[in-house]
Structures are given as C-alpha cells and as structure tokens.
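Number of protein chains: 2
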Amino acid sequence: MVRRQVPLSPRSCSLALEFHLLRRLRSSVRDDTRSTIRDVARLAGVGTTTVSRVINGGQLVAPDVRLRVEDVIRQLRYQPNLAARSLKNERTRTVGLIVPRITDPFYATIASVAQDICRAREHILILSTSLDMEEQELQELRIFEQHRVDGLLIVPPKKQSVAFQEYCHQLRTPAVAIDLPFEQDGLASVLTDNREAMANATRHLIEHGRKRILCLVSDPVLYTMRERVRGYIEAITAAALPLLVEGEIHTAAQAEQVLLFALSAPDPIDAVLCANSTLVIFVYEALQKHGIRLPTQLALIGFDDFHLAGTLRPAIANIAQPAEEIGRAATNLLFSMMNDRQQSPVHLHLPSRLIPRESCGCLTADPISSGRVV
Amino acid sequence: MVRRQVPLSPRSCSLALEFHLLRRLRSSVRDDTRSTIRDVARLAGVGTTTVSRVINGGQLVAPDVRLRVEDVIRQLRYQPNLAARSLKNERTRTVGLIVPRITDPFYATIASVAQDICRAREHILILSTSLDMEEQELQELRIFEQHRVDGLLIVPPKKQSVAFQEYCHQLRTPAVAIDLPFEQDGLASVLTDNREAMANATRHLIEHGRKRILCLVSDPVLYTMRERVRGYIEAITAAALPLLVEGEIHTAAQAEQVLLFALSAPDPIDAVLCANSTLVIFVYEALQKHGIRLPTQLALIGFDDFHLAGTLRPAIANIAQPAEEIGRAATNLLFSMMNDRQQSPVHLHLPSRLIPRESCGCLTADPISSGRVV
DNA sequence: CTGTTAGCGCATTCAT
DNA sequence: ATGAATGCGCTAACAG
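So the protein lines, in turn, are chains A and B.
Residue numbering for the first sequence is 1 to 374, as defined by the working numbering.
Residue numbering for the second sequence is 1001 to 1374, as defined by the working numbering.
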C-alpha cells in the first residue's frame, strides 16, 4: 500500500533512508516521540499535503483517500503540533490574560467568561497574575509577546508609569484593557461605569430620605475610587446635601473610629456609602459590635456585591459590578480587533446594578438560597 | 560594519537576495512583522549562531560582540519566537490546568499558586474549565496535547468513564490529578485527606459532648463525599454513637425539612455536620429562620471554609481544605515529574484544618477583620 | 485531485 | 570564538 518514492539523487536517498531508520527506531524503542504528519502520510501511502488537507477540513480530497488517512490518524493517535502550525501561520490561537489576582471573584468571573469565549473560538487562554505590580505586569507582557499571543486582555496596574504606557502603546498585539483604562491612550478598554453606579446608589439613599450620607474610600488616588467619589459628589451636589467624604481608610479600626465619630457628632450621619467591599464589611462589623441598628439608625450600601451579602442579617445592599458582561464584552471586542487590526479603539462603559437589601432601607426579604442546588 | 557573505553557489545567492529584499520590503512598508534572529544577526554583522548564544546565556561570545548584539536586540525590540524554539527543543515551557470552575475559590487558589510556581520556573499556565463535564475535559486534554504542554494539572471529572481513564492512562504528558484521584490508576495525585478531616470534626463535636450528630451529604456517590462520610462513620462508630446520615440533600428546602424533622424527633439531634459549604449555608439559614440557637441548641460544622464564615453571627465553624498546599504540592510534583519522566506515581493526602468558631461550641471571638488592610 | 518542495524562526552540530 | 548548514512539523505555492 505504501508507494515507493523514487530517490532523485544519492544524497536525498541516503537522507530518506536515515530518516526512515530513525523513525522506525524511535517508534519501536520508545513511544516517547509523537508521530508527525509524515508518519501519517507514509502509512497511508499519500503525500503530506493530502494529510494536511484532511486535517484542515478535508476538502479537495477523494473520499476513499480521506477515510484511509483518517484511519491512520486514529491508529497513530496523531495530534498536529500546534507550535509548528503557528510558525507557519503566524497565528498561535492563543489569548493572554493578566489580572491582579485570580482569587478575586470579580477577576475570576472575567477569566471564566473569557475562557468560554476563547474555547468557542478555538483559542486557548493563558492566565497570569500581576499582583497589581507594574514590573510584574511588564514581564508577563514580554513573555506573552514571545509566545506571540494573538490578543491580550489585561487589567492594567492601578498606578501606571510612563514607561508602562509607552510599552503598551507600541504593543503589536491587539489589546483590551479591563476594569481600568490605559491612561491617556488610544487603547481599547471595557470598564464599569463607576461614576454612574455610585451616583445611582447615592440617589437611592436620598430617595429613602437620608440627608447626611458619608462616603468612605480606601485610596482616593486610584482611578476607580476617584470615579466613584465623583459619582457620589455629583448626586449629593444635585440634591444640595452636605458632602461627607472620608478617604484613606485601610483598616477595620480606622473605619470604626471614623464611624463612631460621625455618629456621635451633633449632626450625626444617617447613611454610609462604601467605595469597596472590604470597607463595607469593616463598617458592618463595627456597627454590629456597637449595636447600631441597620437600617433604622443608619443605612448602608457597599460597592461590589459578594457571596453571602444577602445571607447576613441584616442583609447588605451592594452595587454589583457587571463582571460577566465586562468579560464578555472585552473578549468579544478583542476578537473583533484580532480579525480587523485597523479598527479604531473602542471604549465601553457598562452599567452596574444596585442590589437593594435590608441595609439600605428596602425591606426586601432576601430569599437567596431558595431554589439553589448543590 | 556588516560583513559581506560570500555566496557559495548561484542558487544560494539568488535565495539570499530574494530573502533580503523581502525583509527590507516588510520592514519598510509595514511594521507588522517582527524581527527575527536573522535581522539581528545581519544588523550586528554576526551569524545567527552568535545571536542565539547571546540570547541563551551569552557564554562563548566575545564581550564586545555580545554588547553589540545586545544593542541591536534592544534597537529592534527583538523577542525570540517561542513557537520556533519549541519546535526545535521539543519543550514548550507550558503547563495546562483544568478545573471545573475558576470562580470557585478553592480552584482559584490552586490556579493562583500553580501560576506562581510556573512563573518562577519560567513556564506559562494555560487555563481551562471543564464544568465538571467529562466530554469537555477530554476535549481540553486533546487541545493541550496538540499544544504539546509539558505538564498537566487536572481536576478529573467527578464521574469518570472507562474511556476517560484509558485516555488519561496513555497520556504522554506528565500529569497530576488534583482534588480527586484518577480512579484505579497509576497516575499521580494530590488530594485533601477528606476522611481524616471529617473524622476530626466529628471527634471535635463528640468532645464538646454532642451525642446525636447528623451528617448531611449532597451526592453520596461522589468520591469526595464518600470519603467524608467514611470519616464520619469511623469516628461515630469508634465512640459507639448512633449513625445519622442523610444523603441527596440538594436544596435549601430539603435541608430545612430534614433538619426540622431531626430536631422534633423524640430523641432530637444536637449537632450537624455538613459535607460541603453550600449545605452548611442552607442549614444556617434554616436555623436562623426558625430561631434555633447556635451552638446551645445545636452545634454546626461545615466542610470548606468560606469568606465571611467568621463574620456571620454566630460564626460558622468549618473544615478548611489546604487549597494552597494542594496547589503547591501538585505543581511542584508535576515539575519534578517533568524533569524525571520515569519516576513512579506519587499519591499525596494533605491534612485539612478545623477552624473552630462559635457554631461548634467553641466560644472563640473571631477577630477576623482586625489588622486586615484594604 | 495529489505530491514536491520551500520556508516559518530557532538551536545545534560541525567545521573553521 | 564564530558561522554555515540542517531540520524540528507544518502549510501553501506550484506542478503535475
């Protein structure tokens, strides 16, 4: 069944023989080496092109030949070597993702969605984490470039140096920034509309009749935090209420102190808005500790919903970021950029959703667990 | 500075010229193409071998030449193409990870640790999710093989068909199973010691004087669940107490019903042990709803610690799986297997840790948030 | 319809 | 110390 090839010259003859021998040796002595397209071709008595055609859709191949080749492929458990294919195609079918931490549910959700879309498009997802350190992020970017990933999904570091921005700017790979923009840059991005989300939450509290609303922030320098505070200020100003912002709250003790002070003032606060989920837990624990009742004495809303926020009693109202939508939009955008390299950078701002629960004054019984299945 | 190469034959001459022209064209018309080792060589006036040497450690190269080459590399922003390197080396410096869901904190932690170790060893981590479906897992495995990953870290599907086991068995890539073993197989694995963990928790309740301890399970068929129940039975039997196991609890309603029944029996239970974290939340909510006091009326311990377990009042005692240790052990084991392909399969059972909190009868005040920083 | 062949970018022998 | 030549596995011209 194997057609003999007529050697064209002594040289190619000896080479072919050597090669043949080597292969035979390999496959008999150890099964460590994988079979190649040539092994398949030889065993099926066809040329490599034909095998290649069979692998890639099987058009233009006689049905009987195709069957024979497919048979050999199964026999040999032949798997095409994607590295070789990449080398030829200049496409690796690979997407790189950089997040600060994969253990953060927000980023995990994004990674999950990204992976789903990649799979559907027959790409693989390379995961890496930066711990929000610019240096590490740069290094990962370099490695991704060496791997020639076809696209990049990255959460930029919270503080971006000029060097970093320059590096991103001259990136040859299509890239989409997630959660934070590339500062002052023409690179695509998909973000939560932090400002609008916070303004909404503020208005919600105002509608509940709250007049003195305290806004608690960890690091006011960060882009996300700045935006959130902007939203708060916007809504408060529009309602002609007093601005009460407290920044640089990093520990439970600080939160507790600020809270007690603001509550014992001659004109005490009647609501608290936290710019992230750690803060809201600090506040919640402090209130619990001092027996301050939610929502009668104080209303409370946090940023970033978390598991069990609805299980706690009283349940905590939160602004839920649209993590899935962000992941989906970013990944789809990335693929469209990969297909059309010239398109101008898109910037998406996706809306958040306020989840009212007991703590904000909405007396929604929160039947979180009913219907859930293990 | 560029040394002329003397063409050896008309043929190679025309080829070299063509090539040269092509390159020139590319780099002038569009900067889409990346520079190769040959561009660097030409610009530095050296051979590709020398460049290659400079890239890989720079030994055996004259210092001045090295500097010159390094300079050109920077100028051109040359990045070695790892696909090409893989083709030559037969190693991709790539590790594949398959987990059911990356949004599960347990798996996210494992992924995080795995990624750290990979980075340290100059490998990249390819992430994929199986949703615990065998078919999907098989497909991912096939893709990983095509990418020629150097090693595989996988959480096998909960139910493994014979076909799946065979496939894994003949895998040419070193692989470590996480969380679940490959059934009846010689493949390496790193697992929580579920049996021991559950036995410990049971003994803990017994030491607290509990006599009628109910064990709640979701799907008793699954390996992990079986092991946990075994641990419970072991400890209960050793103490000559009554075995009270209830399986197939999948919803909050079922949990509630079972609980109320067991509490209103003539000989009511005085403790509940849940075989997973969803169950413990079901139970917790049911108890809350019916005003049953923890831990006076009933003691409660769950399996798998979760964020906020210590923040709830009363705080929930849990068995904490050593997720980080599992990830670390599995990844390190994998790398050692990658370096020594012949070593016989290792099976590691890592101990869990019981985190006593109010719900089990230990009146530990749980200062979870003190000292934490945003 | 099918086979031959030339690279893709790199590391590596083997000369020098 | 350095370079020319070769081939890793695959795809795509280009012939037949």
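Think of the CB as a built atom: it goes at the ideal place given N, C-alpha and C, for glycine as much as any other residue.
What you are looking at is a predicted structure, and each value in this text was computed from that prediction instead of being measured.
Original post:
For His1347 (chain B), which three-state DSSP category applies?
Top reply: Position 347 of the second sequence, counted from the first residue, corresponds to residue 1347 (chain B). If DSSP states are grouped into helix, strand and coil, His1347 (chain B) belongs with the strands.
Original post:
Ends of the beta strand (DSSP E) at Met318 (chain A)?
Top reply: Taking the first residue of the first sequence as 1, we reach residue 318 (chain A) at position 318. At residue 318 (chain A) the sequence reads Asn, which differs from the Met that was named. It spans Ala317 to Ala320 - the beta strand (DSSP E) in which Asn318 (chain A) sits, taken as one unbroken run.
Subject >> Assigned secondary structure, Ile126 (chain A) (DSSP; H/G/I helix, E/B strand, else coil) >> reply: Position 126 of the first sequence, counted from the start, is the residue given in the question as residue 126 (chain A). Three-state DSSP puts Ile126 (chain A) in a strand.
Original post:
Under a Cβ-count criterion, where at least 16 other Cβ atoms within 10 Å of its own Cβ denotes burial, should Leu22 (chain A) be classed as buried or exposed?
Top reply: Start at 1 with the first residue of the first sequence, and residue 22 (chain A) comes out as number 22. Confidence at Leu22 (chain A) is low in this model, with a pLDDT of 43, below 50, so its placement is unreliable and the value that follows should be read with caution. It is exposed - the Cβ of Leu22 (chain A) has fewer than 16 other Cβ atoms within 10 Å.
**OP:** Flag Ser1359 (chain B) as yes if its beta-carbon sits less than 7 Å from any beta-carbon of chain A, otherwise no.
**Re:** One-based indexing of the second sequence puts residue 1359 (chain B) at position 359. By this cut-off, Ser1359 (chain B) is not an interface position.
Original post:
Which residues in chain B sit within 8 Å of Ser128 (chain A), going by Cβ to Cβ distance?
Top reply: The residue labelled residue 128 (chain A) in the question sits at position 128 within the first sequence. In chain order: Gln1115, Arg1119, Ile1124 and Leu1125.
**OP:** Whole angstroms is fine: what's the gap from Phe144 (chain A)'s alpha carbon to Thr173 (chain A)'s?
**Re:** Position 144 of the first sequence, counting from 1, holds the residue named residue 144 (chain A). Position 173 of the first sequence, counting from 1, holds the residue named residue 173 (chain A). If you take the alpha carbons of Phe144 (chain A) and Thr173 (chain A), they lie about 9 Å apart.
**OP:** Under 6 Å Cβ to Cβ from Arg1226 (chain B), same chain only, skipping five residues before and after it: list those, please.
**Re:** As a first step, residue 1226 (chain B) is located in the second sequence; it is residue number 226 there, counting from the start. Here the set comprises nothing.
Original post:
Can you list, in chain order, the stretches of the alpha helix (DSSP H) that have 4 or more residues and sit fully within the segment 262-341 of chain A?
Top reply: 277-289 and 323-339
Subject >> Bridge-paired residues (DSSP) for Ala1177 (chain B) >> reply: In the second sequence, residue 1177 (chain B) corresponds to position 177, counting from 1. According to DSSP, which records beta bridges pairwise, Ala1177 (chain B) is partnered with B:Ile1154 and B:Ser1189.
**OP:** Could you spell out where the alpha helix (DSSP H) holding Cys1460 (chain B) opens and where it closes?
**Re:** It is not possible to answer for residue 1460 (chain B), since the shown part of chain B is limited to 1001 through 1374.
**OP:** Give me the Cβ distance between Ser1359 (chain B) and Leu1300 (chain B), rounded to the nearest whole Å; I'm assuming they're in contact under 8 Å.
**Re:** On the second sequence, position 359 is the one that residue 1359 (chain B) refers to. On the second sequence, position 300 is the one that residue 1300 (chain B) refers to. Contact holds; Cβ gap of about 4 Å.
**OP:** Assign His147 (chain A) to buried or exposed, taking buried as 16 or more other Cβ atoms, counted over all protein chains shown, within 10 Å of its Cβ.
**Re:** The sequence position of residue 147 (chain A) within the first sequence is 147, counting from 1. With 16 or more Cβ atoms within 10 Å of its Cβ, His147 (chain A) is classed as buried.
Subject >> Coarse secondary structure for Cys1215 (chain B), derived from DSSP in three states >> reply: Position 215 of the second sequence holds residue 1215 (chain B). In the structure shown, Cys1215 (chain B) adopts extended strand secondary structure according to DSSP, grouped into three states.
Subject >> Test item: CB-CB of Ile319 (chain A) and Leu273 (chain A) under 7 Å >> reply: Translated into the one-based positions of the first sequence, residue 319 (chain A) becomes position 319. Translated into the one-based positions of the first sequence, residue 273 (chain A) becomes position 273. In this structure, Leu273 (chain A) does not lie closer than 7 Å to Ile319 (chain A) by Cβ.
Original post:
Helix or strand or just coil, what does DSSP make of Leu244 (chain A)?
Top reply: Here residue 244 (chain A) refers to the residue found at position 244 of the first sequence. Leu244 (chain A): strand per DSSP, three-state reduction.
**OP:** Tell me whether Thr1406 (chain B) sits in a helix, a strand or coil according to DSSP, three-state version.
**Re:** Residue 1406 (chain B) cannot be examined here, being either before or after the span of chain B that is shown, 1001 to 1374.
Original post:
Between the segment 1062-1093 of chain B and chain A, which residues of the former have a C-beta closer than 7 Å to a C-beta of the latter?
Top reply: Gln1079, Pro1080, Asn1081, Leu1082, Ala1083, Ala1084, Ser1086, Leu1087 and Thr1092
Subject >> Unbroken alpha helix (DSSP H) run spanning Leu1043 (chain B), endpoints >> reply: Taking the first residue of the second sequence as 1, we reach residue 1043 (chain B) at position 43. Where Leu1043 (chain B) is concerned, the enclosing alpha helix (DSSP H) stretches over Ile1037 to Ala1044.
Original post:
Between which two residues does the beta strand (DSSP E) carrying Leu1354 (chain B) extend?
Top reply: Residue numbering aside, residue 1354 (chain B) sits at position 354 when the second sequence is read from its first letter. Note, Leu1354 (chain B): beta strand (DSSP E), Arg1353 to Ile1355.
Subject >> Alpha-carbon to alpha-carbon, Leu363 (chain A) and Ala1265 (chain B) >> reply: The sequence position of residue 1265 (chain B) within the second sequence is 265, counting from 1. The sequence position of residue 363 (chain A) within the first sequence is 363, counting from 1. Between Ala1265 (chain B) and Leu363 (chain A), the C-alpha separation is close to 35 Å.
Original post:
First and last residue of the alpha helix (DSSP H) that includes Pro1105 (chain B)?
Top reply: Numbered from 1 along the second sequence, position 105 holds the residue referred to as residue 1105 (chain B). It spans Pro1105 to Ala1120 - the alpha helix (DSSP H) in which Pro1105 (chain B) sits, taken as one unbroken run.
**OP:** Measuring only between beta-carbons, confirm whether Leu169 (chain A) sits less than 7 Å from chain B.
**Re:** Position 169 of the first sequence, counted from the start, is the residue given in the question as residue 169 (chain A). Here residue 169 (chain A) turns out to be His, not Leu, going by the sequence shown. Output row for His169 (chain A): interface = no.
**OP:** Give the DSSP-derived three-state secondary structure of Cys362 (chain A) in the structure shown.
**Re:** What you label residue 362 (chain A) is simply residue 362 of the first sequence in a count that begins at 1. Reduced to three states, the DSSP call for Cys362 (chain A) is coil.
Original post:
What do you reckon, are the CB atoms on Val1054 (chain B) and Arg1066 (chain B) nearer than 7 Å?
Top reply: Here residue 1054 (chain B) corresponds to residue number 54 of the second sequence, with the count starting at 1. Here residue 1066 (chain B) corresponds to residue number 66 of the second sequence, with the count starting at 1. Contact: yes.
Subject >> Residue of A:Phe335, A:Gln297, A:Asp270 and A:Gly327 minimising C-alpha distance to Val99 (chain A) >> reply: Counting from 1 along the first sequence, the entry for residue 99 (chain A) is found at position 99. Here the closest residue by C-alpha is A:Gly327.
Subject >> Inter-residue CB distance, Glu256 (chain A) and Ala286 (chain A) (contact presumed, cutoff 8 Å) >> reply: The count along the first sequence starts at 1 and reaches residue 256 (chain A) at position 256. The count along the first sequence starts at 1 and reaches residue 286 (chain A) at position 286. Contact holds; Cβ gap of about 4 Å.
Original post:
Can you name, in chain order, every residue of its own chain whose Cβ lies under 6 Å from the Cβ of Phe1164 (chain B), other than the five neighbours on each side?
Top reply: As a position in the second sequence, residue 1164 (chain B) is number 164, starting the count at 1. Short of 6 Å from the beta carbon of Phe1164 (chain B), and not among the five residues preceding or following it, lie these beta carbons of its own chain, in chain order: Glu1134.
Original post:
When Cβ atoms are compared, which residues of the segment 1293-1327 of chain B fall closer than 8 Å to chain A?
Top reply: Phe1306, His1307, Leu1308, Thr1311, Leu1312 and Arg1313
Original post:
So is Arg1026 (chain B) in contact with chain A if we call contact Cβ pairs under 7 Å?
Top reply: For this step, residue 1026 (chain B) is matched to residue 26 along the second sequence. Annotation note: pLDDT 41 at Arg1026 (chain B) (below 50); position unreliable, coordinate value reported separately. Judged by the 7 Å Cβ criterion, Arg1026 (chain B) is not in contact with chain A.
**OP:** Under 8 Å by Cβ, that's how I've got Arg1353 (chain B) and Pro1322 (chain B) pegged, so tell me the actual separation to the nearest angstrom.
**Re:** Here residue 1353 (chain B) corresponds to residue number 353 of the second sequence, with the count starting at 1. Here residue 1322 (chain B) corresponds to residue number 322 of the second sequence, with the count starting at 1. Right, their Cβ atoms sit about 7 Å apart.
**OP:** Would you please verify whether the beta carbon of Gln1343 (chain B) is less than 7 Å from any beta carbon of chain A?
**Re:** Position 343 of the second sequence, counted from the first residue, corresponds to residue 1343 (chain B). Cβ-Cβ to chain A under 7 Å: no for Gln1343 (chain B).
Original post:
Could one say the Cβ of Ile1178 (chain B) lies closer than 7 Å to chain A's Cβ atoms, at least one of them?
Top reply: Here residue 1178 (chain B) is taken as the residue at index 178 of the second sequence, counted from 1. It does not: the Cβ of Ile1178 (chain B) has no partner Cβ on chain A nearer than 7 Å.
Subject >> Cβ distance (whole Å) where Val1155 (chain B) is taken to contact Cys1118 (chain B) below 8 Å >> reply: The residue labelled residue 1155 (chain B) in the question sits at position 155 within the second sequence. The residue labelled residue 1118 (chain B) in the question sits at position 118 within the second sequence. In fact, because the Cβ distance is near 17 Å, the residues do not count as touching under 8 Å.
Original post:
In three-state terms, what does DSSP make of Val99 (chain A)?
Top reply: As a working note, residue 99 (chain A) is residue 99 in the first sequence. In this structure, Val99 (chain A) counts as strand in the three-state DSSP scheme.
Original post:
In chain order, what residues of the segment 134-150 of chain A put their CB closer than 9 Å to some CB of chain B?
Top reply: Residues of the segment 134-150 of chain A with a C-beta less than 9 Å from any C-beta of chain B: Gln136, Gln139, Glu140, Arg142, Ile143, Phe144, Glu145, Gln146, His147 and Arg148, listed in chain order.
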